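See structure below.
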Amino acid sequence: MDDLDREILSILRRDARTPYTEIADRVGTSEGTVRNRVERLVDDGVIERFTVATRTGNVKAMIEVSVDVNVDTGEVSDRIAEWQEVDFVWQVSGEEDIVVVVDAADTDAVNGLITQARELEEVVGTKTRLILNERVG
């Protein structure tokens with residue numbers, strides 16, 4: 051990955067629907083070059099998915115999950131990622147092992163997800179942080 055790829059990714063992170071012609075104008079190359087670069091980044095797994103960011107009025111939260119030491123964190127993360135209200139699941143370093151970012155209808159729904167996490171036999175604890183405001187970097 052080179053500087054041109056990084057510039058293209060920076061634009062797509064802010065708006066994944068930006069037309070390739072606009073990206074090409076902004077980075078000083080052709081539309082075909084942008085299209086080929088994006089296709090390669092997708093094929094190489096650098097771009098995992100194109101997604102939509104929403105402002106639904108829902109409650110967004112980070113549920114930090116600690117699992118037992120002898121647990122396959124990836125397997126637990128994969129299961130949690132299947133839950134309907136989950137936006138992201140990150141395996142992290144530090145006191146907690148997994149961070150789950152959720153977009154739920156209300157605090158009762160967030161509490162239900164916390165309970166669902168705590169009911170997993172591999173989970174030894176959770177901490178939750180409500181997301182008060184969000185900015186795109």
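Residues in the sequence shown are numbered consecutively from 51, following our numbering. Glycine residues also receive a C-beta, built at the ideal position from the N, C-alpha and C atoms. Note that the structure is predicted; figures quoted are calculated from it, not measured.
The beta carbon of A155 sits closer than 7 Å to the beta carbons of N108 from its chain, once the five residues preceding and following it are set aside; these are given in chain order. Per DSSP, E81 is not a residue of any beta strand (DSSP E); the alpha helix (DSSP H) it occupies stretches across E81 to D93.
Looking at the DSSP output, L180 sits in a beta bridge with A111. DSSP places A66 outside any beta strand (DSSP E), giving it a letter other than H or E.
Under DSSP, V149 takes part in a beta bridge, and its partners are E114 and W140.
A111 counts as buried, since no fewer than 16 other beta carbons sit within 10 angstroms of its beta carbon. Secondary structure within the stretch 149–175: the alpha helix (DSSP H) runs of 4 or more consecutive residues, fully enclosed, are 157–168 (chain order).
Counting along the chain, the unbroken alpha helix (DSSP H) around D75 starts and ends at Y70 to V77. Here the alpha carbons of T83 and V121 stand approximately 44 Å from one another. Measuring C-alpha to C-alpha distances from T178 to each of E114, E169, D153 and T79 identifies E114 as the nearest. Rounded to whole angstroms, the separation of the alpha carbons of I58 and V88 is 8 Å.
Nearest to S127 by C-alpha distance, out of G78, A167 and T79, is A167. Inter-residue distance for A66 and R129 is about 27 Å (C-alpha atoms, whole angstroms).
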